[in-house]
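Counting in UniProt numbering, the sequence shown runs from 1 upward without gaps.
Note that the Cβ used here is the ideal one computed from N, Cα and C, for glycine as well.
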Amino acid sequence: MSDHRRPASSWMLRKQGKRAVKVECFNAQDFDDAADGALPGLFRLRIDGVWYRAQGEQYTFLSPEGVWRVLERHAFEEQAELHRPPPLVKGDHVRAWLGERDGVPVNERCVLASNPMQDEHGRWHVLVFTYRLGRVLLPVQQVSRLEDTAKSKCKHCA
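As structure tokens, then:
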């Protein structure tokens, strides 16, 4: 990560039988690019390398009680409300759905040109390299991994 901020505190959260998850807590004042909401005494969470975002907000700042509620929910609920990156990797062979032509869905077999990227609203996108259109940024919902070639990576993207 290229983030220059240092966490105010960090923890390792481990559920029984699961791998440990790193939780980092940052002071709100460290986010001077956030217009409002970055008040003293509030915090921003990064859980397992992903910023916690409530309802797709770009920045979610929490009180100390809010931090504990999020951690408690994550620790005790099986389905956490955290956005995990999709299981796609740069170089994977995928099928991309590129819209419609004359009412017929158009898809193309192509290669991922990037790892999944999360936009400011928490949605995941990937850059694919298509034969017809070149590089195209698509939501991950429009991409499906080709299982038979998942292990063979594109030699140009590796």
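Helix, strand or coil at residue i according to DSSP, with G and I counted as helix
| i | result |
| --- | --- |
| Glu24 | strand |
| Gly41 | coil |
| Pro7 | coil |
| Phe61 | coil |
Residue i, buried or exposed, once every other Cβ within 10 Å from all chains shown has been counted against 16
| i | result |
| --- | --- |
| Trp51 | buried |
| Val143 | buried |
| Phe26 | buried |
| residue 183 | For the chain, the structure presents residues 1 to 158; residue 183 sits outside this window and is missing. |
| Ala113 | buried |
| His4 | exposed |
Close-in-space but distant-in-sequence residues of the same chain around residue i (CB under 7 Å, 5 per side omitted)
| i | result |
| --- | --- |
| Leu138 | Ala96, His125, Val126, Val128 |
| Glu100 | Val106 |
Per DSSP, cross-strand counterpart(s) of residue i
| i | result |
| --- | --- |
| Glu100 | Pro105 |
| Ser114 | DSSP output for Ser114 lists no bridge partner at all. |
CB-CB length for residue i against residue j, believed under 8 Å
| i | j | result |
| --- | --- | --- |
| Phe43 | Leu62 | 5 Å |
| Leu88 | Val140 | 7 Å |
| Tyr59 | Phe76 | At roughly 26 Å, the Cβ-Cβ gap does not stay under 8 Å, so Tyr59 and Phe76 are not in contact. |
Contact set for residue i: own chain, Cβ-Cβ below 8 Å, skip 5 residues either direction
| i | result |
| --- | --- |
| Tyr131 | Glu108, Cys110 |
Residues of its chain near residue i, where Cβ-Cβ distance is below 6 Å and the 5 sequence neighbours each way are ignored
| i | result |
| --- | --- |
| Ala20 | Met12, Arg14 |
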